[in-house]
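What follows is a short report on a single structure.
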Amino acid sequence: MTLPKIVGREESLGRYLTQSNHFSRKHNSVRPLAFYPPPVDLRLSVFRIDGLNKNQLWEIGQSCIRNRPQRTLYGVADIKVFKVQTRGLHVDPDNIPVRHANIVGWPEEKARRNSIAQELAADAILKFRE
Amino acid sequence: MSGLKVLEPTSIQFTRNLGVSDSSNEIWEDTEKIRAHFAESVTFNPILRILEGLLKAREDSSMDNWDSYGAKATDTNSFRYAIHFALSLPWDIPIPDIYINPEGYVTYEWYEGKRNVYSVITGNRGELAYAGLYGSSKAYGTEYMYEEIPETIINNIYRLYLE
Chain A
1 MTLPKIVGRE
11 ESLGRYLTQS
21 NHFSRKHNSV
31 RPLAFYPPPV
41 DLRLSVFRID
51 GLNKNQLWEI
61 GQSCIRNRPQ
71 RTLYGVADIK
81 VFKVQTRGLH
91 VDPDNIPVRH
101 ANIVGWPEEK
111 ARRNSIAQEL
121 AADAILKFRE
Chain B
1 MSGLKVLEPT
11 SIQFTRNLGV
21 SDSSNEIWED
31 TEKIRAHFAE
41 SVTFNPILRI
51 LEGLLKARED
61 SSMDNWDSYG
71 AKATDTNSFR
81 YAIHFALSLP
91 WDIPIPDIYI
101 NPEGYVTYEW
111 YEGKRNVYSV
121 ITGNRGELAY
131 AGLYGSSKAY
141 GTEYMYEEIP
151 ETIINNIYRL
161 YLE
C-alpha cells in the first residue's frame, strides 16, 4: 500500500510503547509519558499504520528498538491524525524509514506540553503486542 | 509581592550529598544511605514511600540517554525540589507514580484512568508545571515552590478523587 504524501486527517498513527510506564494495564490505557516529546528537538516519532497487517505492525515496532537492547516493545498507541491536529500540532511525514513521521509544533511551555500529552494519551487506543 | 521567597535547593534538608556529581557511583551511594535510613518505616509512611519512589526513579534515569531516545539524566535541582515537594505534601494525599521525564525533570503523576489524571513536574528553578484532565475538563499552568505547595496544586490533586 502506497501512502499519499499528505497525511490525511482520518489516518491512524502508531506511537510504539517501549517503557512499562507508557501504559496502564489496570486501566487498559496509554499513559501521558508515551506522548511526551524528546527534549532535543521536540519531534515525537510515530508511524503511519493504516493498511498494515498485524505482522507488519509489530515488525516496524521491533525495528524501532533493534539497536536499543535495553528497550522492550510492549505495544502501540493508535491515534487519529485529527486528534493531533486539533491540539495545534502537525504531522511531518519524513518517510525515513518508510512510514515514519514526527509529531511537531509542540509549545515551549512545559505545562501546556504535558496537558497535550495527557489529551493525546486519553484519545489513543492501546494495542498490546500479541 | 508576598513575603515568601522561592526556596533555594541548598535550604532543603536531605540534600547535603545529593547530586553533587552525576557519576553513577555517587548517586548509588546517596541512594543507599537514604534508603537505609528510611527502610524500616517506609511501609507505614506514605511520604517516605514517595521518597523511596523518587530514589528509584533517579536510579533508573541517572545517565543521559537512559531511554535510548535522547532523554536527559535526572536534573539535580529538579530532584531537590521534588524532595521538598514530597515532604510538603499532606499526609492524606494518595501516593503518586514518580518518574523522570525525557527532559530530566521529576514528574509526579496521579493516574486514575485516561481522563482522570493529574501531574506535576518539578523544574530546576522551583517551578511546578502542572496539568490535569478531569473528564472533559482540563487544567494546566505553572506555580512556584514556596515554603508550602501552592494551594492550587493541592486542590487539583484532591479534585481528582472527589469527582
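The listed protein sequences correspond, in order, to chains A and B. Number 110 in the numbering used here belongs to position 110 of the first sequence; there are no gaps in the numbering. Number 6 in the numbering used here belongs to position 6 of the second sequence; there are no gaps in the numbering. Where a beta carbon is used, it is the ideal one built from N, C-alpha and C, also for glycine.
Exercise for review: Quick one: list the residues of chain B neighbouring Pro-38 (chain A), beta-carbon separation under 8 Å, in chain order.
Suggested key: Tyr-69, Gly-70, Ala-71, Pro-102
Review point. Using Cβ-Cβ distances below 9 Å, what residues of the segment 96 to 125 of chain A are close to chain B?
Key: Glu-109, Lys-110, Ala-111, Arg-112, Arg-113, Asn-114, Ser-115, Ile-116, Ala-117, Gln-118, Glu-119, Ala-121, Ala-122, Asp-123, Ala-124
Review point. Going along chain A in order, which residues have a C-beta closer than 8 Å to the C-beta of Tyr-99 (chain B)?
Key: Asn-21, Leu-33
Point to revise | Where Ser-12 (chain A) meets chain B, residues with beta-carbon distance less than 7 Å | key: The contacting residues do not exist; Ser-12 (chain A) stays about 18 Å from chain B at best.
Check your understanding: Which value, in whole angstroms, describes the spacing of the CA atoms of Arg-85 (chain B) and Phe-47 (chain A)?
Key -> This sequence places Phe at residue 85 (chain B); Arg is not what is there. Cα to Cα, Phe-85 (chain B) sits roughly 38 Å from Phe-47 (chain A).
Point to revise | Inter-residue spacing [alpha-carbon to alpha-carbon] between Arg-68 (chain A) and Glu-151 (chain B) | key: 42 Å
Check your understanding: Does any CB atom of chain E fall closer than 8 Å to the CB of Gln-62 (chain A)?
Key -> You won't find chain E in this structure, because its protein chains are A and B.
Review point. With distances taken between CB atoms, is the gap from Lys-127 (chain A) to Gly-75 (chain A) smaller than 8 Å?
Key: yes
Exercise for review: Report the neighbours of Ser-119 (chain B) on chain A: residues whose CB is nearer than 8 Å to its CB, in chain order.
Suggested key: Pro-32, Asn-114, Gln-118
Exercise for review: Kindly provide the ranges of any alpha helix (DSSP H) runs that are 4 or more residues long and lie completely inside the segment 6 to 86 of chain A, ordered along the chain.
Suggested key: 54 to 64, 81 to 85
Practice item. Would you verify that the beta carbon of Arg-71 (chain A) is, or is not, closer than 8 Å to some beta carbon of chain B? Key: yes
Exercise for review: Let me know if Gly-175 (chain B) comes out buried or exposed under the rule of 16 or more other beta-carbons within 10 Å of its beta-carbon.
Suggested key: A question about residue 175 (chain B) goes unanswered here, because the residues of chain B that appear run from 1 up to 163.
Check your understanding: Going along the chain, which unbroken runs of the beta strand (DSSP E) with 3 or more residues stay wholly within the segment 91 to 118 of chain A?
Key -> 100 to 104
**Study point:** Cβ contact (3+ pairs, closer than 8 Å) linking the segment 30 to 44 of chain A and the segment 4 to 14 of chain A
**Key:** no
Review point. Rounded to a whole number of angstroms, what is the C-alpha to C-alpha distance between Thr-10 (chain B) and Glu-59 (chain B)?
Key: Low per-residue confidence applies at Thr-10 (chain B): pLDDT is 39, beneath 50, and the placement is therefore not dependable enough to give any value.
Exercise for review: My understanding is that Ala-124 (chain A) touches Val-30 (chain A), with C-beta atoms under 8 Å, so please give their C-beta distance in whole angstroms.
Suggested key: 4 Å
Check your understanding: Is DSSP giving Ile-93 (chain B) helix, strand or coil here?
Key -> coil
Review point. Since Leu-133 (chain B) and Glu-119 (chain A) are thought to touch, with beta carbons under 8 Å apart, how far apart are those beta carbons, to the nearest angstrom?
Key: 7 Å
Exercise for review: Check the Cβ of Arg-68 (chain A) against every Cβ in chain B and list those closer than 7 Å, keeping chain order.
Suggested key: Ser-68
Exercise for review: Can you tell me the Cβ-Cβ gap for Asp-97 (chain B) and Tyr-111 (chain B), rounded? I've got them flagged as a contact below 8 Å.
Suggested key: 6 Å
Review point. At a CB-CB cut-off below 7 Å, which residues of chain B make contact with His-27 (chain A)?
Key: Gly-113, Lys-114
Point to revise | With 16 other Cβ atoms within 10 Å as the buried cut-off, status of Lys-72 (chain B) | key: buried
Exercise for review: From the DSSP output, in three-state form, read off Leu-160 (chain B) for me.
Suggested key: helix
Review point. Cα-Cα, which of A:Met-1, A:Ala-122, A:Ala-34, A:Val-84 is closest to Asp-67 (chain B)?
Key: A:Ala-34
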